[in-house]
Every structure is written in C-alpha cells, then in structure tokens.
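As structure tokens, the structure follows; a few thoughts come after it.
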Amino acid sequence: MAYIIQGDTGDWEIVIGLEVHAQVISKAKLFSGAATEFGAEPNTQVSFIDAGFPGMLPVINEICVEQAVRTGLGLKARINLTSVFARKNYFYADLPQGYQISQYDQPIVGEGELILDLPDGGTRTVGIERLHLEQDAGKSIHDMHPAKSFIDLNRSGVALMEIVSKPDLRSPEEAGLYLTKLRSILRYLETCDGNMQEGSMRCDANVSVRPVGSTELRDRCEIKNVNSIRFVQQAIEFEARRHIDVYENGGTIKQETRLFDSVKGETRSMRSKENAHDYRYFPDPDLLPLVIEQSFVDSIKAGLPELPDDKKARFMAEYGLNAYDAGVLVAEKASAEFFETVAKGRDSKMACNWVMGDFFAALNATGKTIENPPVTAADLGALIDLIKDGTLSGRLAKDVFALMVETGKAPAALVEERGLKQVTDTGAIEAAVDAVIAANADKVQQVKDGKTTLLGWFTGQVMKSTQGKANPAMVNEMLSKKILG
Amino acid sequence: MSLDKATVRAIAELARIEVKDEELDHLAGELSNILTFVEQLSEVNTDGVAPMTSVADITAPMRADVVNDGGYPDKVLANAPEAAEGFFTVPKVVE
Chain X
1 MAYIIQGDTG DWEIVIGLEV HAQVISKAKL FSGAATEFGA EPNTQVSFID AGFPGMLPVI
61 NEICVEQAVR TGLGLKARIN LTSVFARKNY FYADLPQGYQ ISQYDQPIVG EGELILDLPD
121 GGTRTVGIER LHLEQDAGKS IHDMHPAKSF IDLNRSGVAL MEIVSKPDLR SPEEAGLYLT
181 KLRSILRYLE TCDGNMQEGS MRCDANVSVR PVGSTELRDR CEIKNVNSIR FVQQAIEFEA
241 RRHIDVYENG GTIKQETRLF DSVKGETRSM RSKENAHDYR YFPDPDLLPL VIEQSFVDSI
301 KAGLPELPDD KKARFMAEYG LNAYDAGVLV AEKASAEFFE TVAKGRDSKM ACNWVMGDFF
361 AALNATGKTI ENPPVTAADL GALIDLIKDG TLSGRLAKDV FALMVETGKA PAALVEERGL
421 KQVTDTGAIE AAVDAVIAAN ADKVQQVKDG KTTLLGWFTG QVMKSTQGKA NPAMVNEMLS
481 KKILG
Chain W
1001 MSLDKATVRA IAELARIEVK DEELDHLAGE LSNILTFVEQ LSEVNTDGVA PMTSVADITA
1061 PMRADVVNDG GYPDKVLANA PEAAEGFFTV PKVVE
C-alpha cells in the first residue's frame, strides 16, 4: 500500500509522526479540584491554582494517573514507575502560570505499539514513542471583540495525555487509520471520549518527505491542532506536496510550526511560534517525582476491558467473520455489543450481514446513534429468528425491517398486524402457481422447449401475485415440477 | 562559562524582560559569574548517584478525583487588568 508522490525529479514518500492530545476523563483537573465539564460559563471552573495565582501548590489527581497508566497498558507500552513533571516555559495569554506543567525526559509511559486495520483486511504495526501527562491551557476566543481576545480558563489545568507516535506513518490514509484506531482504544478504555469537535482529542502532525528508497529523516514541519481526521489527512497531503515543490525548486525546508486553514485547505507558517521552541524545560520544583507501585499497575491491568484487537480476533474465531467485517464491528464498543446481542445463539454470518447492511444503513438514514438505535438488537435478533423458522422470506424480512425502523415495533407484532406472514401452505401456493401457469401458456411452452431460465420469471410472477408472501423455495420447486414434470 | 551579549538578549526576550543595549555587557558579566560559581558543583564526582530531586525522601501525595474547588469567577477575575462578560480580555492575539 505504498503511497508515492510523483515529483518532477523522481518519486517521494512521506514520513509522518502524530502527536495526539487526549483529554483525560476525570471529574476534577490534573492538579486542582476544579471541575472539567465541557461548556460551563466562562471562568466558573477555575481554582486559584489554574489561574496561576502566587503561592498555590499543585497536587496530582490520582485518577488522572490511573487513566494514563490504563491508556499505556492499552497501547502495550512500558509503564515507568517513576516519572517527573517538568515546566515547559512559554508566554501566551491563555497560560496564566507562564509555563505548562508537563513531563519531559521521564514520562509516565514509554514505548508501545498500535495496530492499524488496513482496508484490505491486513494490519500494520505503528510504534508509540511515549505518553505523558500535562495540563491543558485556557481558551482564547477571538471573535467577540474587534480589538480584544477573550480568555476563558475553564480548560486551564485539565489533564491531557500527549500520545506521540514514532515517525512510522507513510500516507495520509495511514494517519487517518492511526487516529481512528487510537480513538477506538481510548473509548474502549474510557480514558478519553475522543470527541475531536469539542477538542477533547486534538492532533499535531509532523510531516517531512524524502526520495523513495532513502532512509534519511529530513527537517519536518509541525502542523498544529487540527480538529478532524479528514483535516489531518488534507493537511498532510498539502504539506508533503509543498515540501516536494520547495526541494525540487532547489530550496530547503526549515523546521517550523504551521497552521492548517481548513477553508483554504492549506498550511501556513505560525510566525508567533518562531522563537517559541526554546521551552527551557526543568523539573517542577513544586512537584515531587511521581512514584507508583507495580501493584497499582497490576490492578489496573487486571481490570482492562477486552480491547479492539482482541475482540476482532475473537469475532473472527468465534463467529467466523472476515477481518474487514470484524474490524468494522469492533471499532466502536457499542456496535460490537450490538452485534454480539444479535448474533448470540443465531447464525452469525446472517447477524453480521444484517448489522453491517440494513442496520448500519438505517443508522445513517435516521441519524441515530448505536446507543439509541432505530431498531434494538433484540428486535433485529427476533427478525432473524422469523427468517430462520420460515415465517418470513428474505424479501419480506427487508420490508418488515423498514417498518421496524419506521414504527419501532417488534417484528412479530408487525407480521401479525400487517399479515406479512410467509405463505407455506401448499394449497395456497399451488393455487397461485396454477393461476400463473394457466395465464401464460406460451411461456410454459418456451420453458418446455428448453428455455429454463424463464422459470425465474414465473417465480417472480407468483411472488408478485402473493404480495411476496409465498415461500420462494416452495414456489420454485412446484413450478419446475408442474412445467417440466 | 561565559555568556555573550546575543545570548543575554535572547534570555531576556524569552523572559519578557526589557533590557537596554547598554546594559547587556554588564548583565553578561554578572550572569557569567553566577554560572561559573554554580559550575563548581560539577567538580564533585557523582558517578552512580541518582539525581536528587528533593531533600525530603518522600514521593508525591495524590488527591482524590473530587470537585471541591472553583465556582468563584469573581475572585478569579478580581485582579484582572481588564475583564468583560466573565472573560479576561487582552489585546487581540490571533493568527
């Protein structure tokens, strides 16, 4: 699946590393007891610590530590029992302390890995460099006044996990798959809600290019705070093309921070960050090293849920699904649970087809979520039972499903109410078959003369005259017996 | 260790301290003296000694995940040079 960009001087490949800022799910902030809830009135969820008042001392929130360790374990990463908080110094209006408390050379989580589920059903492993805990900054709002920026510190001090990949990604598509999978894992672990629109998951992309076949790492540009997976992909595509154009015109790329303009679909230099890279990290003198016990890590490990990769493998083994279907179903915990409820004690392939086909289509069409589905898993399961026991033909089942979406009623009730039950009464079917045969003597002769493909047409006519309620297998059998003898 | 004028200017800029050109020489001298003084510490052989991050042999205490602070925007904004509608306001910073 090599992604190659053709330039004037030859073929190029992209080298991408992603830094994801994932907001930790916790009630209170990383170092203060102020609330983290999204959307509150400005500055109502701010303690003196978050506002950078003098003399205030940070004390770490245990749950945030637990969430970071849990995420590390979910990424099969090394957990560092001792880690150190450092100050990252820079000036910005929404950073009242004048520094961000982060982790530098001793993060809480070291190297791990993440497995990409490729569209062809294959997989590719991408390295995780590290995960560290840090504070979020406040929020600047620029459109409330012509000459002023408005600052809300509610987000200031909220715990973030910065998850850094190795520069292992080679295409915009892989970057998208990485983010999708990471979000899926975070949601399974319940350590971050993964909501990119609300900013609880944000992505910086480090992009460079090199001639195909080369193993060098050229200077990279960092594209900041892109807030959707699609935009990350667009930004990478644009940025790679820009690098190639610069190199092919004899120029050089210098390391810099850039901004993605989603309206114009391009990146541009952030001049304010020109001199900002000198962060003068040093260990935060207000905070002792964070030391956790192996037993703490072990107890978190023991409580980990079944994660997407394991669930996918189990779905393939237990239900006989192919890699692609299993990958789609496990991407969200809720859809995996939905499928399992439908498939339990039933034909799993049939369950998979119904969930991935008509059900997902209905989800899209109604705009509902899997948590509040248009048809419950129990009702979909009951519908499959009705197909299995011969009450409904496949075609009738689709009609019933549409009615289920429309009315929210259980399939058995709809079948009863609308008289949709499949006709398996030999006498009734025979009458319908005889009527069609009698009315089409010419076509009967054609079949007898060898044009047996016309039998399908007869089946269609019988189904039509019975409003789709005749059992198609019985119709077929009867037709060929009566016409061909 | 000695600092040149350009480095002193960069440090001042990063710290948002305004330093006049005629002060740079003097400051470079003073800062260099401080660094040289502290550098004496490197004469001590610390091979195999773990870095000491605190004089107290204790680890960081943790707090429970409980919301017990905040909810006083008036106090938070009390010292703000400028505020409006519950926000701090600053000269426009946007790209």
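Going down the list, the sequences are from chains X and W. First residue of the first sequence: 1, per this note's numbering; consecutive thereafter. First residue of the second sequence: 1001, per this note's numbering; consecutive thereafter. We put the CB at the ideal spot given by N, CA and C, even for glycine.
Is the Cβ-Cβ distance between Glu237/X and Pro285/X less than 8 Å?
no
Does any residue of chain X bring its CB to less than 8 Å from the CB of Thr1007/W?
no
Return the residue from the list Gly157/X, Val69/X, Gly485/X and Ala397/X that minimises the CA-CA distance to Ser102/X.
Gly157/X
Per DSSP, cross-strand counterpart(s) of Ser208/X
Val15/X
Starting from Met316/X and walking both ways along the alpha helix (DSSP H), at which residues does that stretch end?
Pro308 to Tyr319
Do you know offhand how far Lys398/X's Cα is from Leu479/X's?
25 Å
C-beta contact flag for Ser184/X and Pro308/X at 8 Å:
yes
4-residue-minimum alpha helix (DSSP H) runs that sit fully inside the stretch 356-408 of chain X, ordered along the chain:
360-366, 377-388 and 394-407
So Leu321/X and Arg70/X are supposed to be a Cβ contact under 8 Å. How far apart are they, rounded?
Not confirmed; about 28 Å, so no contact.
Any contact of the stretch 336-354 of chain X with the stretch 96-113 of chain X, i.e. 3+ C-beta pairs under 8 Å?
no
Gln233/X to Leu95/X span [Cα, whole Å]:
29 Å
Rounded to a whole number of angstroms, what is the C-alpha to C-alpha distance between Glu417/X and Thr424/X?
18 Å
Across the stretch 1061-1079 of chain W and the stretch 48-64 of chain X, are there enough close Cβ pairs to call them in contact, namely three or more that are closer than 8 Å?
yes
Given this structure, state the Cα-to-Cα distance separating Ala35/X from Asn1068/W, to the nearest angstrom.
8 Å
For Ser1054/W, which residues in chain X fall below 9 Å Cβ to Cβ?
Pro285, Leu288 and Pro289
If you draw a straight line from the alpha carbon of Asp11/X to that of Val20/X, how long is it in whole angstroms?
29 Å
In this structure, what does DSSP give as the bridge partners for Asn89/X?
Tyr99/X
Express the C-alpha separation of Asp298/X and Thr376/X in angstroms, rounding to a whole number.
37 Å
Around the C-beta of His142/X, are 16 or more other C-beta atoms found within 10 angstroms, so that it is buried, or is it exposed?
exposed
Distance, Cα to Cα, Lys311/X vs Asp325/X?
12 Å
Report yes or no: is there a C-beta of chain W within less than 8 Å of the C-beta of Glu134/X?
no
Please name the residue, chosen from Gly327/X, Asn364/X, Tyr319/X and Leu363/X, that lies closest to Arg346/X on a Cα-to-Cα basis.
Tyr319/X
Leu18/X vs Cys192/X beta-carbon contact at 8 Å:
no
Closest to Leu1035/W by CA distance: which of Val1094/W, Gly1071/W and Leu1003/W is it?
Leu1003/W
Going by the beta-carbon positions, is the gap between Phe401/X and Leu383/X smaller than 8 Å?
yes
Output the residue ranges of the alpha helix (DSSP H) runs that lie fully inside the stretch 208-270 of chain X and measure 4 residues or longer, sorted by chain position.
229-248
Determine, using beta-carbon pairs with one atom in the stretch 64-83 of chain X and one in the stretch 129-136 of chain X, whether at least three such pairs fall under 8 Å.
yes
Give me the residue from Val291/X, Gly265/X, Arg218/X and Arg258/X with the minimum Cα distance to Thr82/X.
Val291/X
Excluding sequence positions up to five away, which residues of its chain have a Cβ less than 8 Å from the Cβ of Ile5/X?
Asp11, Trp12, Glu13, Ile14, Val209, Ala240, Arg241 and Ile244
Drop a sphere of 10 angstroms on the beta-carbon of Lys254/X, count the other beta-carbons inside from all chains shown, and report buried for 16 or more, exposed for fewer.
exposed
Short-range partners of chain W found in the stretch 40-55 of chain X, where Cβ spacing is below 8 Å:
Glu41, Pro42, Asn43, Thr44, Gln45, Val46, Ser47, Phe48, Ile49, Asp50 and Ala51
Can you determine whether any heavy atom of the ligand FAD sits closer than 7 Å to the C-beta of Thr1089/W, and answer yes or no?
Looking at this structure, you won't find the ligand FAD or any other ligand, since it has none at all.
Restricting to Cα atoms, I'd like to know which of Val226/X, Lys181/X and Glu41/X is closest to Gly1070/W.
Glu41/X
State the start and end residues of the unbroken beta strand (DSSP E) segment that holds Leu484/X.
Careful: Leu484/X lies outside any beta strand (DSSP E), inside the alpha helix (DSSP H) at Pro472 to Leu484.
Selected residue, minimal CA-CA separation from Asn476/X, among Ala313/X, Ala441/X and Ile437/X
Ile437/X
Check the Cβ of His145/X against every Cβ in chain W and list those closer than 9 Å, keeping chain order.
Ala1084, Thr1089 and Lys1092
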